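Chains as they are written, first to last, in this note's numbering: chain A, 12 to 120; chain B, 7 to 454.
The beta carbon of each residue, even a glycine, is placed where N, CA and C say it ideally should be.
Just so we're clear, the structure is a prediction, and the values are computed from it rather than from any experiment.
Worksheet: one structure, shown below.
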Amino acid sequence: MPRVPLTKIAHARSGDKGDTANVGLIALKPEYYPILAEHVTAERVKKHFDGICLGKVERFELPNLGALNFLLHESLDGGGTLSLKADAQGKTYSAALLRMEIDVDSLPG
Amino acid sequence: MIRIANGQGFWGDSLEAPLEQIRRGPIDYLTLDYLAEITMSILQKQRSRDPHAGYARDFVDMIGRGARDIVERRIRIVANAGGVNPEACRDAVAKALNHPGVKIGVVSGDNIIDRLDDLIARGVPLKNLDTGEPLESVRSRVQSANVYFGAAAIAGALGTGAQIVITGRTTDTGLVLGPMIHEYKWKLDDWDKLAAGTIAGHTVECGAQCTGGNCQVDWQSIPNFADIGYPIVEAEPDGTFVITKHAGTGGRITVASIKEQLLYEMGDPDEYITPDCIADFTSIQLRQDGQNRVRFCGIKGKPATSMYKVSISYSAGFKAIGTLMYSWPDAYAKAQAADKTLRERLDRLGLRFDAIRTEFGGVNACHGQLAGEPAPGIAEVILRIGVRAGDRATVERFTKEIAPLALNGPPTVTGLGSGRPKVEEIVAYWPALLPKTEAAAQISVQET
Chain A
12 MPRVPLTKIA HARSGDKGDT ANVGLIALKP EYYPILAEHV TAERVKKHFD
62 GICLGKVERF ELPNLGALNF LLHESLDGGG TLSLKADAQG KTYSAALLRM
112 EIDVDSLPG
Chain B
7 MIRIANGQGF WGDSLEAPLE QIRRGPIDYL TLDYLAEITM SILQKQRSRD
57 PHAGYARDFV DMIGRGARDI VERRIRIVAN AGGVNPEACR DAVAKALNHP
107 GVKIGVVSGD NIIDRLDDLI ARGVPLKNLD TGEPLESVRS RVQSANVYFG
157 AAAIAGALGT GAQIVITGRT TDTGLVLGPM IHEYKWKLDD WDKLAAGTIA
207 GHTVECGAQC TGGNCQVDWQ SIPNFADIGY PIVEAEPDGT FVITKHAGTG
257 GRITVASIKE QLLYEMGDPD EYITPDCIAD FTSIQLRQDG QNRVRFCGIK
307 GKPATSMYKV SISYSAGFKA IGTLMYSWPD AYAKAQAADK TLRERLDRLG
357 LRFDAIRTEF GGVNACHGQL AGEPAPGIAE VILRIGVRAG DRATVERFTK
407 EIAPLALNGP PTVTGLGSGR PKVEEIVAYW PALLPKTEAA AQISVQET
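Structural data, given as C-alpha cells:
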C-alpha cells in the first residue's frame with residue numbers, strides 16, 4: 012500500500028474569513044480527485060491540524076474543479092486584526108495541509 | 007466583447023499595475039478595489055480630523071499619472087476609492103484629471119454610522135454574523151459602519167454616462183459585474199449571468215493572484231514575476247468569459263492558477279452570496295483557450311437574498327508584537343529560554359493580558375506542530391512574542407521589556423534595529439446583515 016504525500020497529487024490555496032481559515036485542495040490530475048475525496052475527510056483534516064484548528068472542520072466538494080474546500084473554524088487566534096499570529100490570515104495553511112500523507116491502494120496514471 | 011481589467015488586488019498592491027493595465031494593451035474598463043474590511047475605520051478617523059479627507063489618495067495619484075491615456079482612449083474606471091467621502095474623492099479626481107468634459111459618477115448611501123441608534127431602536131439588532139451577539143454590546147466603540155452595495159448601483163452610475171465611477175463600500179465582485187450589466191443590459195434577475203459576472207469578479211479581485219502570483223504549481227518555472235501581468239476579463243454578452251492578461255507580460259494563466267484563485271477565501275461553494283445574486287461555484291466549467299487564456303462557461307446562479315451585508319468596525323483594545331533573533335549554536339534553545347525569561351518578568355510586573363502568544367520563526371510560526379522539531383544545528387531562530395489587552399498602558403509596558411533581553415538574557419541575540427515594538431489599537435470587524443429595504447444607493451454625476 013503506497014504512502015503518498017499530498018504534494019505529489021494536489022495543490023492548494025488558503026485564506027481567511029474572520030477566525031475561520033479556508034483551504035482549497037485541488038487535484039493535480041482529474042484522476043486524483045476521487046483519491047482526495049476518499050482519503051482527505053473532514054475528520055482527517057481536523058486531526059492533521061491538531062492544536063491549530065480549535066473548532067470544527069467542514070468539507071465541501073467541487074468535482075467540477077477536481078477540488079475540495081475545507082473550512083477550519085477557530086484557527087486564527089481570533090482572526091483579522093485581533094490575531095497575534097504571524098500568519099493571521101492562514102495564508103500558509105495550504106502548504107500545511109499538503110504535509111499530509113495518505114495510504115492508497117494504487118495511484119492511477 | 008468587452009475587456010475589463012483589474013488594476014490591483016488590494017490597497018497597498020503595486021502602484022504601477024493599474025498604469026501598466028492602461029498602457030500595455032487594449033482595455034475598456036479598469037477596476038480597482040481599495041477597501042479591505044478595516045480600511046473604513048482608518049478613513050473614518052481621517053475624515054473626522056479633516057472634512058476633505060477619508061478616501062483613497064492613491065487613486066487620485068493614479069488618475070493624475072494616467073490622465074492622458076484615460077481621457078484620450080476613453081477608458082472607463084470603476085473604483086471603490088471613495089471610502090467614507092466619495093464626493094471629496096470625486097473633486098480631487100476632477101482636479102487630477104485636469105481635463106474638461108469628463109463625467110464622474112458617485113455612488114453613496116452606504117455609510118450608516120449616523121443611523122445605527124435609529125436602526126437598533128427600530129428593532130434591527132445588527133447581530134454579529136459569527137457570534138450572534140447584538141451590536142448593542144460594542145455600540146459605544148463603533149468606528150465605522152457601511153453597507154456593501156453591489157453591481158446594480160455601479161451599472162446605474164455607468165448608465166448616466168459617467169466615464170469614472172467612484173463608490174463608497176461596494177463589493178469587489180460588483181466592480182466587475184457592474185460594467186457587464188451596463189454594457190449588455192442584463193436584467194437584474196438574470197441569475198445565471200449575474201453569477202457569471204460575479205465569478206469573473208471573484209477571479210480577478212486579488213490581482214495577480216490568478217495570473218501566476220502565489221501559484222503553487224510549477225512555481226519555479228513561472229516566467230518573469232518582476233513584470234507580472236494583472237488579469238483582464240474578456241466578457242461576452244451570453245455570460246461566458248475568458249481570463250487573460252496583456253501580451254508580453256510575465257506570469258502564467260492556466261486552469262491550475264485559476265482554480266487556486268477560485269478557491270481563495272471560499273466558504274460554501276454552492277452559496278457564494280453577494281448583494282446581486284448567489285453564485286454556484288460547483289457549476290463552473292474551465293478550459294485552456296490558448297496560451298495565458300482560460301475560458302469559463304456553464305455558470306449557474308440563484309436569486310439574491312433580501313439582506314445587505316454590513317461591515318462594522320469597532321475598537322477592541324491594543325496589541326504589540328516584539329521580535330528578537332538568536333543565532334547558532336543552540337538558537338532554538340536560546341529563543342525558548344528568552345521567551346520563558348520574558349514571561350517571568352511580565353508576571354513579576356503584575357501585567358495581565360487578554361492573550362499572550364509566542365512563535366518561533368524558523369521553527370513553527372507558519373505550521374505549528376506540523377513542522378516538527380528543527381535541526382539541531384539550525385542557523386538562527388526568531389522569537390516572536392505578542393500580547394493583547396484592553397488598556398494601552400499594559401501593552402505599552404510590555405514593549406519596554408523586549409530590548410533589555412539583548413543584554414540581560416541568553417546570548418548571541420540581535421534584531422532590535424527598529425527599537426521598541428509599536429502599540430497598535432485593534433480595530434476589529436463586526437459583520438452583520440441589514441434588510442435591503444433599509445438602505446438605498448444614491449447616484450450622482452458631475453462633469454469636469
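In the DSSP assignment, K308/B falls within the beta strand (DSSP E) that extends over 306 to 308. Looking at the DSSP output, T250/B bridges to I238/B.
With 16 or more other Cβ atoms from the protein chains shown falling within 10 Å of its own Cβ, G88/B counts as buried. Using a Cβ-Cβ cut-off of 8 Å, L41/B does not count as an interface residue toward chain A, since no Cβ of chain A sits closer than that to its own. Taking a beta-carbon distance threshold of 8 Å, F287/B counts as an interface residue toward chain A.
Contact residues of the region 346 to 358 of chain B toward chain A are absent (C-beta to C-beta distance below 7 Å).
Closest option to D97/B, judged by alpha-carbon separation, among D224/B, A59/B, T443/B: A59/B. Within the region 259 to 273 of chain B, the residues whose Cβ lies closer than 8 Å to some Cβ of chain A are A262, K265, E266, Q267, L268, L269, Y270, E271, M272, G273, listed in chain order. DSSP links Y320/B through a beta bridge to V148/B, A434/B. Secondary structure at P243/B: coil, using DSSP grouped into helix, strand and coil.
Of all alpha-carbon atoms in T37/B, H252/B, R363/B, the one lying nearest the alpha-carbon of L93/A is that of R363/B. Using a C-beta cut-off of 8 Å, the region 284 to 304 of chain B makes contact with the region 240 to 252 of chain B, since at least three inter-stretch Cβ pairs fall below that distance. Under the criterion of beta carbons closer than 8 Å, T260/B and G235/B do not qualify as touching, at roughly 13 Å. The three-state secondary structure of T329/B, taken from DSSP, is strand. Taking 7 Å as the upper bound on Cβ-Cβ separation, chain A lies near residues I432, V433, A434, Y435 of the region 424 to 436 of chain B.
Looking at F359/B, T420/B, G425/B, the one whose alpha-carbon comes closest to that of K406/B is G425/B. Here M46/B is buried: its Cβ has 16 or more other Cβ atoms, across all protein chains shown, within 10 Å.
The Cβ atoms of I305/B and A201/B sit closer than 8 Å to each other.
Sequence-ordered contacts of the region 65 to 86 of chain A with chain B read F71, L73, N75, L76, A78, N80, L82 [C-beta pairs closer than 7 Å]. The alpha-carbon separation between E271/B and K28/A amounts to approximately 7 Å. Think of a sphere of 8 Å around the beta carbon of I37/A: the chain B residues whose beta carbon falls inside it are A262, K265, E266, L269, in chain order.
Against chain B, the CB of K28/A has a partner CB under 8 Å away; the residue lies at that interface. Contact note: T92/A reaches chain B through I44, I432, V433, A434, using a C-beta cutoff of 7 Å and chain order. Within the region 375 to 447 of chain B, the alpha helix (DSSP H) runs of at least 4 residues that lie entirely inside it are, in chain order, 398 to 405, 411 to 414. Its chain contains A377 as the residues whose beta carbon lies nearer than 7 Å to that of N370/B, once the 5 sequence neighbours on both sides are disregarded; these appear in chain order. Taking 8 Å as the cut-off, the beta carbon of D120/B is found no closer than this to the beta carbon of F155/B. Against chain A, the beta carbon of I290/B has neighbours under 9 Å at L73, N75, L76, listed in chain order. Nearest CB-CB separation between R14/A and chain B: not below the 8 Å threshold. With 16 or more other Cβ atoms from the protein chains shown falling within 10 Å of its own Cβ, K96/A counts as buried. Between C221/B and E266/B, the CB-CB gap stays under 8 Å.
Cβ neighbours of M313/B within its own chain (closer than 7 Å, five residues either side excluded): L439, L440, P441, K442. Of all C-beta pairs linking the region 182 to 193 of chain B to the region 348 to 356 of chain B, fewer than three are shorter than 8 Å, placing the two stretches out of contact.
For G392/B, the residues of chain A that pass the 7 Å Cβ criterion are L95, in the order they occur in the chain. Within a 10 Å sphere around the beta-carbon of T420/B sit fewer than 16 other beta-carbons, which makes this residue exposed. Judged by DSSP secondary structure, Q27/B falls within the alpha helix (DSSP H) whose first and last residues are 23 to 29. Looking at Y43/A, D30/A, A23/A, the one whose alpha-carbon comes closest to that of V15/A is Y43/A.
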